[in-house]
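Residue numbers (my numbering): 68 to 481.
Even glycine gets a Cβ: it sits at the ideal position worked out from N, Cα and C.
Fair warning: this is a prediction, and the values are worked out from it, not measured in the lab.
Have a look at the structure below before the remarks.
Listed below in structure tokens is the structure:
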């Protein structure tokens, strides 16, 4: 299975960098090397977080002042790993030096974001989440060579692809990452391609607007309601997703019972550990299937919105974090993945040349009558049809909001 990223960026006249992600089929030796390397990278990431966390707590208690070194950079910690930690733990060498260094750089960036106030305090990476990726730059001419059915990954050598012909054969790759999720292996490469290449479908017939601007209202009942009349249903209400969620609940209960049985026995037998790992893999696979279904639907929704090339797209700046505090809606809001959808829509609009507008989160798009402009302050969430008390205008609540977003006068261009 292959996934094409929307993270394009211009590199120069007629050329750009584009990311491709696809599944690989490594042999047994390559699989073990990937899993071991990911484990080492995760271990070093957590060691770096723990070290700086201790320094930060000492700084908070007044033991360290501003003049003293209360934060260690990735370069300094990498020197500590090479000169001291590797002697104590020689298995660290099972992971490549560039992959280890990239894991530490990612941890440093997490601290930098915390210090700048853009994110919370960095957390440790858990083995069950499997969110660590191995980074490999292109050091030699033979690295990251792409053939139709395989590619050359540094330190792993030639690895077979699951999907033949998806990656641009013979293209120049600048760097790439290898990841492991729910028993499957993926590779993501950044490729230098021509602007008019057949692998860059996003820019096909770009910068030629066909329709006027549209407003997009996101919701829980339906994923997106567009001012041109298109309605994108909630994929989480489909029978396929509901069936997978029921299976997921059963498998999670089974995993929980295995943990409880292990606690009652009071020991850690090899058979119990093996069975628990098998059951954890079943849960991870179901999580992954549901996530892929949602991602696919998001991509199709974004494509349908932008394929008419509207002059602009207007959305509302949603307070997703605040919506998640409502315990009655938190699960439904999380399943809709509003932030992912908006990020993809914004990036796709930027690539094609569509103006992306955002109105303030306090703009009363749902309560404002599109016909006369009256604000219906008594409108409740259960009222799915908007009836204006001033002029009698009647329309679907979400469709009325999308029209107001389209015609909004105050907005910011993202």
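- In the DSSP annotation of this structure, the continuous segment of the beta strand (DSSP E) that includes residue 247 starts and ends at 239-248.
- In the DSSP assignment, residue 261 falls within the beta strand (DSSP E) that extends over 251-261.
- Counted as a single uninterrupted DSSP element, the alpha helix (DSSP H) harbouring residue 400 occupies residues 397-403.
- When beta bridges are read from the DSSP output, residue 157 appears opposite no residue.
- Ranked by Cα distance from residue 420, the options 427, 143, 365 and 480 are led by 480.
- By the Cβ test, the segment 371-379 is in contact with the segment 279-290, since at least three Cβ pairs between them sit closer than 8 angstroms.
- The closest CA to that of residue 446, considering only 467, 426, 428 and 427, is found on 467.
- Collapsing the DSSP output to three states places residue 426 in a strand.
- Where residue 215 is concerned, there is no enclosing alpha helix (DSSP H), because DSSP gives it neither an H nor an E.
- No Cβ-Cβ contact shorter than 7 angstroms links residue 101 with residue 199.
- Residue burial annotation: residue 316 is exposed, with fewer than 16 other C-beta atoms found within 10 angstroms of its C-beta.
- A residue is called buried when at least 16 other Cβ atoms come within 10 angstroms of its Cβ; residue 107 meets this threshold and is buried.
- With a contact defined as Cβ atoms closer than 8 angstroms, residue 306 and residue 469 miss out at about 27 angstroms.
- Note on residue 110: 16 or more other CB atoms within 10 angstroms of its CB, so buried under the neighbour-count rule.
- In the DSSP annotation of this structure, residue 227 is not part of any alpha helix (DSSP H); the continuous beta strand (DSSP E) holding it starts and ends at 224-228.
- Bounds of the alpha helix (DSSP H) holding residue 125 are 95-127.
- Under the 10 Å beta carbon count, residue 188 is surrounded by fewer than 16 other beta carbons and is classified as exposed.
- The beta carbon of residue 465 sits closer than 6 angstroms to the beta carbons of 284, 286 and 292 from its chain, once the five residues preceding and following it are set aside; these are given in chain order.
- Excluding its 5 nearest sequence neighbours in each direction, residue 460 has C-beta neighbours in its own chain below 6 angstroms: 436 and 438, listed in chain order.
- Membership of residue 201 in the beta strand (DSSP E) is indicated by the continuous run 201-204.
- In this structure, DSSP gives residue 421 a state outside helix and strand, which the three-state scheme calls coil.
- When DSSP states are grouped into helix, strand and coil, residue 434 belongs to the coil group.
- Only residues of its own chain outside the window of five on either side were considered, and among them 234, 235, 236, 237, 238 and 240 have a CB closer than 7 angstroms to the CB of residue 213, listed in chain order.
- About 6 angstroms separates the Cβ atoms of residue 260 and residue 85, confirming a contact at the 8 angstroms cut-off.
- The beta carbon of residue 416 sits closer than 7 angstroms to the beta carbons of 373, 380 and 423 from its chain, once the five residues preceding and following it are set aside; these are given in chain order.
- For the options 343, 209 and 87, the alpha carbon positioned closest to that of residue 323 is the one of 343.
- Beta-bridge partners assigned by DSSP to residue 189: none are found.
- Taking a C-beta distance under 7 angstroms as the contact criterion, residue 87 and residue 248 do not qualify as a contact pair.
- Only residues of its own chain outside the window of five on either side were considered, and among them 175 have a CB closer than 8 angstroms to the CB of residue 140, listed in chain order.
- When secondary structure is reduced to three states using DSSP, residue 286 falls in the coil class, being assigned neither helix nor strand.
- At the C-beta level, residue 325 and residue 351 stay beyond 7 angstroms of one another.
- Residue 358 sits in a helix when the DSSP states are folded into three classes.
- Under DSSP, the beta-bridge partners assigned to residue 453 are 462.
- Residue range 306-332 is occupied by the alpha helix (DSSP H) that includes residue 331.
- For residue 383, the pairing in a beta bridge is given by DSSP as 426.
- Going by DSSP, residue 300 is part of the beta strand (DSSP E) stretching over 298-300.
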